[in-house]
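**Q** Here the protein sequences line up with chains A and B, keeping their order.
Just so you know, my numbering puts the end of the first sequence at 655, numbered straight through with nothing missing.
Just so you know, my numbering puts the end of the second sequence at 655, numbered straight through with nothing missing.
Ideal placement from N, C-alpha and C gives every residue a C-beta, glycine not left out.
Just passing along the structure, written as structure tokens.
2 protein chains.
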Amino acid sequence: MELIDKMLAGDRLSLARVISFIEDRGEHLRKLVDEIYPKTGNAFVLGITGPPGAGKSTVTDKLVAEIRRTGKRVAVIAIDPSSPFSGGAILGDRIRMQQHSGDPGVYIRSLGTRGKHGGLSQSSKEVVMALDAAGFDWIIVETAGVGQTELDVLKLGHAVCVVLVPESGDSIQVMKAGLMEIADLFVVNKCDRPEADKLVKELVNMIGMAHDDAAKWNIPVIQTQALFNQGVGELFTQVQAYRDFAHKHGTIERKRAAFIEEEILEIIWSKMSRDVRRKMAESNGQKLLAKVLEKKATPYEAARKSQYLSKKL
Amino acid sequence: MELIDKMLAGDRLSLARVISFIEDRGEHLRKLVDEIYPKTGNAFVLGITGPPGAGKSTVTDKLVAEIRRTGKRVAVIAIDPSSPFSGGAILGDRIRMQQHSGDPGVYIRSLGTRGKHGGLSQSSKEVVMALDAAGFDWIIVETAGVGQTELDVLKLGHAVCVVLVPESGDSIQVMKAGLMEIADLFVVNKCDRPEADKLVKELVNMIGMAHDDAAKWNIPVIQTQALFNQGVGELFTQVQAYRDFAHKHGTIERKRAAFIEEEILEIIWSKMSRDVRRKMAESNGQKLLAKVLEKKATPYEAARKSQYLSKKL
């Protein structure tokens with residue numbers, strides 16, 4: 343495909359078109375991803391999450407600058423919450439990142455989360471593949487962590503950095519929220535604020551308690567004031583340390599396999615969902631529905647009787 | 343099932359246990375929902391959504407009081423955003439509703455959105471069925487509207503009320519967000535604030551533009567100060583007017599059919615997802631995955647070759 347060739351050659355407009363194509367989930371997507379896939383496998387994918395106002399975008403912004411200092415290319419995908427009520431904050435964040443806009447080694451793109459059931463998870467995986475194939479060494483996936491889907495997306499990266507601020511609640515909440523299960527690094531941003539020391543101490547204690555395996559990565563808690571570029575160098579050092587650790591212990595390979603496994607499953611699921619919905623709209627499906635509406639069968643009975651609405655499916 | 347009999351007889355503890363059972367998606371769920379389903383079909387389901395801070399819970403609270411004045415029973419399901427960072431605000435809202443806690447005609451319950459892929463949509467439908475079977479005349483589903491799943495849940499109700507506040511942005515945003523497609527009623531809450539008149543006017547204009555069908559419901563814009571119980575009586579009158587209109591025009595029947603159709607589809611999908619994931623974990627699935635990891639096949643090729651990993655599926 344000419345579009346893919348151009349993208350692989352570094353053409354940004356072609357990359358943008360490929361990503362839009364993936365987001366739109368068009369008919370020939372399969373062909374496109376088939377061409378992209380063999381070129382993937384080189385990028386390191388870092389997820390950044392945290393509550394609204396924690397300064398995720400600022401941390402990302404400064405981290406991009408650190409990465410660029412090493413000469414490596416970096417792409418940022420910002421996953422926008424799908425709330426119809428969300429304001430322009432995210433767009434504002436993106437505008438702030440315009441300092442990188444003249445730099446061909448940086449690519450920034452927002453992905454919406456609206457759309458079909460489960461679509462985001464598959465789209466973001468395929469966008470990550472496209473950026474990987476396009477030669478970006480680092481891919482940062484920034485999410486507001488507002489939904490299960492976003493957490494699923496994060497889990498499919500190679501490392502997860504959770505950005506907190508002193509006022510974002512205590513560590514008990516972090517524990518309850520299952521963040522200990524996904525965090526490879528913690529950042530306490532705006533660390534000049536009151537209660538920062540308390541939060542750091544609580545996080546360190548919590549990590550100590552969870553740490554039962556000697557061969558396990560020792561999750562660091564990094565204090566930053568990202569807006570003033572303080573602590574971000576240390577964060578980047580720790581991210582690189584994690585990357586080396588994860589390579590050495592086979593974690594990257596395992597995460598890559600999980601990523602691909604989910605991609606295959608989602609392709610299968612999405613085809614199945616469409617097939618079943620189509621069958622349901624046909625006469626047998628509608629007869630079945632009528633039976634349930636007349637209370638001659640329950641939804642579970644109908645689902646079983648349907649044999650998935652087609653034996654040949 | 344004894345539990346169901348007790349729930350149908352009005353036992354609140356049994357109802358609470360049934361709802362927990364539905365949320366946990368346990369093994370015998372099918373049997374439970376099979377028993378509940380034939381008793382459903384009487385409740386009117388009203389979705390309430392809006393941005394954080396718009397006063398959804400207060401509007402709900404006062405609406406509950408209006409409904410109780412008619413002697414009807416009402417249940418409220420509050421769908422909590424699944425963000426691991428969400429604070430205690432929602433719990434606080436629920437506590438505020440304790441004024442109804444001694445009233446056997448009111449039942450309030452929060453549903454979490456964390457858990458399995460697509461689980462919330464199915465769970466909330468089945469919880470609505472349980473509350474319907476338990477004899478509640480009104481079921482209010484309150485969501486923060488933070489995700490596609492929540493909007494899907496709202497669409498499965500019989501009416502949707504969108505609560506806005508003057509500072510929640512202009513009407514352009516409402517239009518862009520697709521709220522015009524789901525709203526049957528708009529509430530401008532905290533209508534004493536500046537810009538309230540402007541928002542009301544914009545909404546009215548927007549509704550006028552979208553209104554191309556004479557037989558269509560004329561979406562009202564109701565101004566409230568819910569905290570001081572102002573305008574909520576008018577809101578309830580309009581909700582009832584909508585209900586009568588929707589019954590007359592067959593909208594309720596169509597929405598009920600769509601609700602049941604989605605329930606059947608989700609039962610099928612969830613079974614299929616589990617089956618495919620299991621197959622993928624078996625040796626043929628893992629061989630297929632290995633081939634993709636070695637780049638001897640692409641994910642899409644693997645998904646097709648798999649024939650969904652089992653011809654008999």
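Can you give the beta carbon distance from T382/B to I421/B, rounded, assuming they're within the 8 Å contact cut?
**A** Indexing the second sequence from 1 puts residue 382/B at position 40. Indexing the second sequence from 1 puts residue 421/B at position 79. That pair is no contact at about 20 Å.
**Q** Would you call the stretch 631-650 of chain A and the stretch 619-634 of chain B touching, i.e. three or more CB-CB distances under 8 Å?
**A** No, the stretch 631-650 of chain A does not touch the stretch 619-634 of chain B.
**Q** For E344/A, collect the residues of the same chain with a Cβ closer than 6 Å to its Cβ; drop the 5 residues on either side in sequence, then sort them by chain order.
**A** By 1-based counting over the first sequence, the position of residue 344/A is 2. Counting only Cβ-Cβ distances below 6 Å, and skipping sequence neighbours, we find nothing.
**Q** Using a beta-carbon distance cut-off of less than 8 Å, what residues from the stretch 611-639 of chain B approach chain A?
**A** If the cut-off is 8 Å between Cβ atoms, the stretch 611-639 of chain B has W611, K613, M614, S615, V618, R619, M622, L630, L631, V634, L635 and K637 near chain A.
**Q** If we count the other Cβ atoms within 10 Å of its Cβ and call it buried at 16 or more, is S356/A buried or exposed?
**A** Working through the first sequence from its first residue, we reach residue 356/A at position 14. So S356/A ends up on the buried side.
**Q** Less than 7 Å between C-beta atoms, sequence neighbours within five positions excluded: which residues of the same chain meet that for K497/A?
**A** On the first sequence, position 155 is the one that residue 497/A refers to. These residues qualify, in order along the chain: I524.
**Q** Given this structure, state the Cα-to-Cα distance separating G575/A from K532/A, to the nearest angstrom.
**A** Counting from one through the first sequence, the residue named residue 575/A turns up at place 233. Counting from one through the first sequence, the residue named residue 532/A turns up at place 190. Straight-line Cα distance between these residues: approximately 15 Å.
**Q** Taking only beta-carbon positions, decide if V663/A is within less than 8 Å of chain B.
**A** Here chain A comprises residues numbered 343 to 655, so residue 663/A is not present and cannot be evaluated.
**Q** What separation, rounded to the nearest whole angstrom, lies between the Cα atoms of I602/B and L635/A?
**A** The residue given as residue 602/B occupies position 260 in the second sequence. The residue given as residue 635/A occupies position 293 in the first sequence. In a straight line, the C-alpha of I602/B is about 7 Å away from that of L635/A.
**Q** Buried or exposed: which applies to G499/B, given that a residue is buried once 16 or more other Cβ atoms fall within 10 Å of its Cβ?
**A** Counted from its first residue, the second sequence places residue 499/B at position 157. Looking at its Cβ environment, which holds 16 or more other Cβ atoms inside 10 Å, G499/B is buried.
**Q** Could you tell me how far apart the beta carbons of I482/A and I390/A are, in whole angstroms, since I believe they sit closer than 8 Å?
**A** As a first step, residue 482/A is located in the first sequence; it is residue number 140 there, counting from the start. As a first step, residue 390/A is located in the first sequence; it is residue number 48 there, counting from the start. Indeed they touch by this definition, with Cβ atoms about 6 Å apart.
**Q** Would DSSP call G429/B helix, strand or coil?
**A** For this step, residue 429/B is matched to residue 87 along the second sequence. Because the pLDDT of G429/B is 44, which lies under 50, any placement of that residue in the model is unreliable, and the number read from its coordinates should be weighed accordingly. Three-state result, G429/B: coil.
**Q** So what's F478/A in DSSP terms, helix, strand or just coil?
**A** Position 136 of the first sequence, counted from the first residue, corresponds to residue 478/A. In the structure shown, F478/A sits in coil (DSSP, three-state: anything other than H, G, I, E or B).
**Q** Once the 5 residues before and after I561/B are set aside, which same chain residues still bring their CB inside 7 Å of it?
**A** Locating residue 561/B in the second sequence gives position 219, where the first residue counts as 1. So the list reads A525, D526, L527, F528 and I549, once near-sequence residues are dropped.
**Q** Could you tell me which chain A residues have their CB closer than 8 Å to the CB of D376/B, listed as they occur along the chain?
**A** Counted from its first residue, the second sequence places residue 376/B at position 34. Under the 8 Å cutoff, chain A gives T640, Y642 and E643.
**Q** Who are A417/A's beta bridge partners in DSSP?
**A** Locating residue 417/A in the first sequence gives position 75, counting from the first residue. Paired residue(s): Y449/A and I481/A.
**Q** Can you find the residues in the same chain that come closer than 7 Å, C-beta to C-beta, to I378/B, ignoring five residues on each side of it along the sequence?
**A** Your numbering for residue 378/B matches position 36 in the second sequence. Excluding sequence neighbours, I378/B sits near I346, M471, A472 and A475.
**Q** Do you know offhand how far V416/A's Cα is from L493/B's?
**A** Looking up residue 416/A in the first sequence gives position 74. Looking up residue 493/B in the second sequence gives position 151. Their backbone Cα atoms lie some 34 Å apart in a straight line.
**Q** Taking the beta carbon of D403/B as the centre, do at least 16 other beta carbons fall within 10 Å, making it buried, or is it exposed?
**A** Locating residue 403/B in the second sequence gives position 61, counting from the first residue. D403/B should be labelled buried.
**Q** What does DSSP give as the partner residue(s) for L473/A in the beta ladder?
**A** The residue you call residue 473/A lines up with position 131 of the first sequence. Answer is none; L473/A lacks a bridge partner.
**Q** Please check the pair I419/A and L462/A, which I expect to be a contact at CB under 8 Å, by giving their CB distance rounded to whole angstroms.
**A** Start at 1 with the first residue of the first sequence, and residue 419/A comes out as number 77. Start at 1 with the first residue of the first sequence, and residue 462/A comes out as number 120. I419/A to L462/A, Cβ: 11 Å. No contact.
**Q** For chain B, check one thing: does any of its Cβ atoms lie closer than 8 Å to the Cβ of L473/A?
**A** As a position in the first sequence, residue 473/A is number 131, starting the count at 1. No, L473/A lies away from the interface with chain B (no Cβ there is under 8 Å from its Cβ).
**Q** Helix, strand or coil: which one does DSSP assign to G573/A?
**A** Along the first sequence, one-based indexing puts residue 573/A at 231. Correct three-state label for G573/A: coil.
**Q** Measuring CB to CB, does G397/B end up less than 8 Å from A568/B?
**A** Taking the second sequence and counting its residues from 1, the one referred to as residue 397/B is at position 55. Taking the second sequence and counting its residues from 1, the one referred to as residue 568/B is at position 226. Yes; because the gap between Cβ atoms is below 8 Å, this pair is in contact.
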